[in-house]
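Data block below; observations after.
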Amino acid sequence: MIPRLHPKVTQAAAKTLLWALTGLTLLILIFIIVNISIKGLPQMTLGFLFQDPQDMGRHGGIFSTIIATVYVTLLAIVLASPLGVGTAIYLTEYTREGWATRIIRFGAECLAGVPSIILGLFGFVLFVMKLGFGWSILSGGLTLAIMVLPIIIRTAEEAIKAVPQEYREVCFSLGMSQWQTITRIVLPSALPGITTGIMLSVGRSLGETAVLLFTAGSALRMPTTLFDSGRTMAVHFYILAREGISMPNAYGTAAILMISILLINLAAYTLMQRLIKRYS
Amino acid sequence: MDQGKFVERVLFLLALSSISSLVVITVFIFLEGLPLIFQTGFKDFILSSHWAPTKGHFGIGAMIVSSLLVTIGAMVLGVPLGLACAIVLAEFSSARLRSFLKPTLELLAGIPSVVYGFLGVIWLVPLIRNYLGGPGLSLLAAAVILGIMILPTIVSISIDALTAVPDIYRDGSIALGATEWQTVRRVVLPAASSGIITAIILGMGRAVGETMAVIMVAGNAIKLPTSILDPVRTLTSNIALELGYAAGRHREALFATGIVLFVIIMILNLSATLITRRR
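As you go down the protein sequences, you meet chains A and B in turn.
Terminal number for the first sequence in my numbering: 280, no gaps in between.
Terminal number for the second sequence in my numbering: 1279, no gaps in between.
In structure tokens:
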């Protein structure tokens, strides 16, 4: 027979174990960030940031990959923001809960769950092959836009919902139309929240590899038009690491990538907290 | 048509963007991949492990098994760690500590998957090779890396489920003389169970769908693994490794692999949605 332990003893044991596991998780996180920073930050010189890669990335910097990353990300945001914010306005301001909202929400939810390799396959067959855009900034940006759309919809919807109902009532009582109310009052008040969604989307785009490898390609040249192939930082890092081209440059690229994503996500989080505080 | 009506129509069209993207993605993946599945025969395609696309053999059985094993391994590591973090943060830590630790753990989600894969290659793979044997690039390595990668999903959704349990439940249990731990185990966890199951299913979805990190650490050999130290190739890796140069029927076979992956993920996501709805 197993002796029954005193509940206080069991509690102490359980708590110790749970705290230990939590500590372990935090240690893993710290290890990842510290390891990449220690090995990568010394590489992060101005020359590394502002020189183009040479000899497949063995020498030189990562300037052209930064530019390619900025292009695809910008394109994705420019395309996805109006769609996402429009969806959020429709869901919150123009319709009651019903079959239409259910289908729209279902679509966004499922889209958020589609793994990036499937999006990569899709972008490859539609944009690269069928529409003939080739491996290009355009194909990459279009596919990324689909990837970040659910993020923008979700955050924009939350932000618009957080705007107090009285704001709208005051507008209506002053004789403003619904559209005026939305553009003059609701959207400006929700802007910090919408910005949060856009920042999270930028963070997601910076780190994305599977989608871009098959839609934007991996050409190391500086992209000059929408139809040029461009190798983003994440793809560059993947190729450097996987083919063992240059460990120092791989670490340097990883550090820049990771630190910029963490800073962007941190800023997005802080902005959201301020918004929550303001309206609660 | 007055302005209000017009604006509403335009917004409605914009709002259809997500669902129509989903439909177009599904249609394209299926159109490209289904013919090959029919030619090969559905049973042969998913049960055979003979994959030699240039010779006309398309069997993804070994990859389906590998994907499932890697995912199960990731859950074995990720679920206890993630749940422990969620319980500690939601039940045992002060509000101040929670407001610091929760976003910190969520930062894990922002680290790109290639970085996880890279650290796996640098640190984990040599550890496995030196202490456990085998090539190091293995099912085990992929499972460990994925287990870490799904932590933010599990922690964040479980915390929300736990904090949604009303305090009256806890107060009632404590008032009856139960300890905090008894309260958590017998009252709070059962009450939050549907949210926690959702968290686990969504974590599984992430693990099945993850590509880049798995390619880097799993070894990518196409055979049924006999031990956790064997190299494996998952469904996602198969697509990513070969899409760059595949053509003709070979490319169709990769889309067919995508269909199987897509269906698995959709089943997981739908069941998560249904469980959340029921609550």
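Glycine included, each C-beta is placed from N, C-alpha and C at the ideal position.
(request) Could you check the C-alpha separation between Leu1261/B and Asp1171/B for me, to the nearest Å? (result) 45 Å
(request) Just the C-alpha distance for Met1075/B and Met1204/B, rounded to the nearest angstrom, thanks. (result) Distance between the alpha carbons of Met1075/B and Met1204/B: 7 Å.
(message) From the DSSP secondary-structure annotation, give me the bridge partner or partners of Ala1052/B.
(response) His1057/B
(message) Quick check on this structure: which residue in Pro1080/B, Trp1051/B, Ala1052/B and Thr1071/B has the alpha carbon closest to the alpha carbon of Thr22/A?
(response) The residue with the shortest Cα to Cα distance from Thr22/A is Pro1080/B.
(message) Going by C-alpha to C-alpha distance, which of Leu275/A, Tyr238/A and Glu169/A sits closest to Thr253/A?
(response) Among Leu275/A, Tyr238/A and Glu169/A, the Cα nearest to that of Thr253/A belongs to Tyr238/A.
(request) Below 8 Å CB to CB, which residues in the same chain sit around Leu126/A once its five sequence neighbours on both sides are set aside? (result) none
(message) What does DSSP give as the partner residue(s) for His59/A in the beta ladder?
(response) Gln54/A
(request) Report the option in Ile153/A, Ile259/A and Phe122/A whose CA atom is closest to the CA atom of Ala1240/B. (result) Phe122/A
(message) Nearer than 7 Å: is that true of the beta carbon of Ala1246/B relative to any heavy atom of the ligand GTP?
(response) Because no ligand of any kind appears in the structure shown, any question about the ligand GTP cannot be addressed here.
(request) For Asp55/A, count neighbouring C-beta atoms within 10 Å of its own C-beta (all shown protein chains included) and say buried if the count is 16 or more, exposed if not. (result) exposed
(message) Short of 9 Å Cβ to Cβ, which residues in the stretch 99-113 of chain A face chain B?
(response) For the stretch 99-113 of chain A, which is checked against every Cβ of chain B, the residues closer than 9 Å are Ala100, Thr101, Ile103, Ile104, Arg105, Phe106, Gly107, Ala108, Glu109, Cys110, Leu111, Ala112 and Gly113.
(message) I'd like to know whether the C-beta of Thr87/A is nearer than 8 Å to at least one C-beta of chain B.
(response) Thr87/A counts as touching chain B.
(message) Quick test of your reading: Pro82/A and Gly1209/B, contact by CB under 8 Å. State the CB separation rounded to the nearest angstrom.
(response) With 8 Å as the limit, Pro82/A and Gly1209/B do not qualify as a contact, their Cβ atoms being about 28 Å apart.
(message) If I follow the unbroken alpha helix (DSSP H) through Val1125/B, where does it start and stop?
(response) Val1125 to Tyr1131
(message) Can you pull the chain A neighbours of Thr1104/B, defined as C-beta to C-beta under 8 Å?
(response) In chain order: Leu26 and Leu29.
(message) Classify Arg204/A: buried if its beta carbon has 16 or more other beta carbons within 10 angstroms, exposed otherwise.
(response) Buried, since its Cβ has 16 or more Cβ neighbours within 10 Å.
(message) Please tell me whether Val1144/B and Leu1124/B are closer than 8 Å, where the distance is taken between their beta carbons.
(response) It is a contact, given that the beta carbons lie within the stated cut-off.
(message) Helix, strand or coil for Val1007/B? Go by DSSP, reduced to three states.
(response) Note: Val1007/B maps to helix in three-state DSSP.
(request) Measure the C-alpha to C-alpha separation of Met1212/B and Ser1113/B and round it to an integer number of angstroms. (result) Taking the straight line joining both Cα atoms gives about 6 Å.
(request) Taking Phe1118/B as part of the alpha helix (DSSP H), name the residues at either end of that continuous run. (result) Ser1113 to Leu1119
(request) Could you name the residues of the stretch 1019-1051 of chain B whose beta carbon sits closer than 7 Å to any beta carbon of chain A, in the order they occur along the chain? (result) Ile1019, Ser1021, Leu1022, Ile1025, Phe1028, Ile1029 and Glu1032
(request) Kindly list the residues whose CB is nearer than 7 Å to the CB of Ile1264/B, restricted to its own chain and excluding five residues on each side of it in sequence; keep chain order. (result) Val1208
(message) Using the three-state DSSP reduction, which class does Val1165/B fall into: helix, strand or coil?
(response) Note: Val1165/B maps to coil in three-state DSSP.
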